[in-house]
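Read top to bottom, the protein sequences are chains F and P. Convert by adding 469 to the 1-based position in the first sequence; the result is the number in this note's numbering. Convert by adding 5 to the 1-based position in the second sequence; the result is the number in this note's numbering. Using N, Cα and C, we set each Cβ at its ideal position, and we do this for glycine too. Note that the structure is a prediction, hence the values are computed from the model and not measured. Down below is the structure, laid out as structure tokens.
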Amino acid sequence: AQTVTQSQPEMSVQEAETVTLSCTYDTSESDYYLFWYKQPPSRQMILVIRQEAYKQQNATENRFSVNFQKAAKSFSLKISDSQLGDAAMYFCAYRSSYSGAGSYQLTFGKGTKLSVIP
Amino acid sequence: ETGVTQTPRHLVMGMTNKKSLKCEQHLGHNAMYWYKQSAKKPLELMFVYNFKEQTENNSVPSRFSPECPNSSHLFLHLHTLQPEDSALYLCASSQEQTSGYSTDTQYFGPGTRLTVL
């Protein structure tokens, strides 16, 4: 079974600064997807960024980028130029690439609460 | 409406009540999901419907009963719940392949905050 670990329950960053959130995972599969989701106080789970394991290039979305280290099974999220609206819970998630029973499940970490200091 | 919508946003019910949660996706997806989010616990997948057929039931108690009348709508019928069932219930949808590799991304609704007294 896959597991996802987020070792930082809480983090804070000064507005306009850069912060990195950590995520490690455990799997025996070679093909899979990794995600970062953001959940602000409104509770809506919003996709931030996704990474396909077969791609070596790190995914980027505007101020958000990942450092994907497949051998180390590490998938960290970097937020540049942090804004007040970035304050939220951030969840790392894993999903198998294969269709079929058991593959639909997103395995989530416990989350990291990010605070942005004005 | 766009994306995934859920109603109601808040629900308070007694243990003997019967209520239903509704989810609707406007993304043309063919798979829908119910997740439970409790305090200090990772999100837990409850049910999966793919092409309107239930494909997964992760050992969910029978007091939770899902229904998927079509690929755009998903319900979660609740009866004789327990206080420990109080949580945020999230619905999600995705576009799945019929076989082979999935297309991965699940899009979530805003959730229903359920309180069982």
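Rounded C-alpha distance that separates residue i from residue j
{"i": "S497 of chain F", "j": "N22 of chain P", "result": "44 Å"}
{"i": "E479 of chain F", "j": "L490 of chain F", "result": "10 Å"}
{"i": "Y559 of chain F", "j": "G19 of chain P", "result": "32 Å"}
{"i": "K547 of chain F", "j": "A522 of chain F", "result": "18 Å"}
{"i": "A97 of chain P", "j": "P13 of chain P", "result": "15 Å"}
{"i": "Y501 of chain F", "j": "Y563 of chain F", "result": "7 Å"}
{"i": "E89 of chain P", "j": "L122 of chain P", "result": "10 Å"}
{"i": "R512 of chain F", "j": "T120 of chain P", "result": "15 Å"}
{"i": "Y94 of chain P", "j": "N55 of chain P", "result": "19 Å"}
{"i": "P74 of chain P", "j": "V65 of chain P", "result": "20 Å"}
{"i": "P587 of chain F", "j": "E484 of chain F", "result": "5 Å"}
{"i": "H84 of chain P", "j": "R68 of chain P", "result": "5 Å"}
{"i": "F80 of chain P", "j": "K46 of chain P", "result": "23 Å"}
Residue i in three-state terms, based on DSSP
{"i": "E486 of chain F", "result": "coil"}
{"i": "D138 of chain P", "result": "This structure does not reach residue 138 of chain P, given that chain P is present from 6 up to 122, and the question cannot be answered."}
{"i": "D555 of chain F", "result": "helix"}
{"i": "Y567 of chain F", "result": "strand"}
{"i": "S76 of chain P", "result": "coil"}
{"i": "S67 of chain P", "result": "coil"}
{"i": "E49 of chain P", "result": "strand"}
Proximal residues of chain P, C-beta to C-beta of residue i below 7 Å
{"i": "M558 of chain F", "result": "The premise fails here: M558 of chain F is roughly 10 Å from chain P at the closest Cβ pair, so nothing lies under 7 Å."}
{"i": "M480 of chain F", "result": "Near M480 of chain F there are no residues of chain P at all, since even the closest Cβ is about 17 Å away, more than 7 Å."}
Proximal chain P residues relative to residue i, where beta-carbon distance stays under 8 Å
{"i": "K579 of chain F", "result": "K45, K46, P47"}
Proximal chain F residues relative to residue i, where beta-carbon distance stays under 7 Å
{"i": "Q111 of chain P", "result": "L575"}
{"i": "L95 of chain P", "result": "M514"}
Neighbouring residues, chain P, relative to residue i (Cβ below 9 Å)
{"i": "L516 of chain F", "result": "T110, Q111, Y112, F113"}
8 Å Cβ cut-off: residues of chain F touching residue i
{"i": "G116 of chain P", "result": "R512, Q513, M514"}
Does the contact criterion of 3 or more C-beta pairs under 8 Å hold for the stretch 522–536 of chain F versus the stretch 31–41 of chain P?
no
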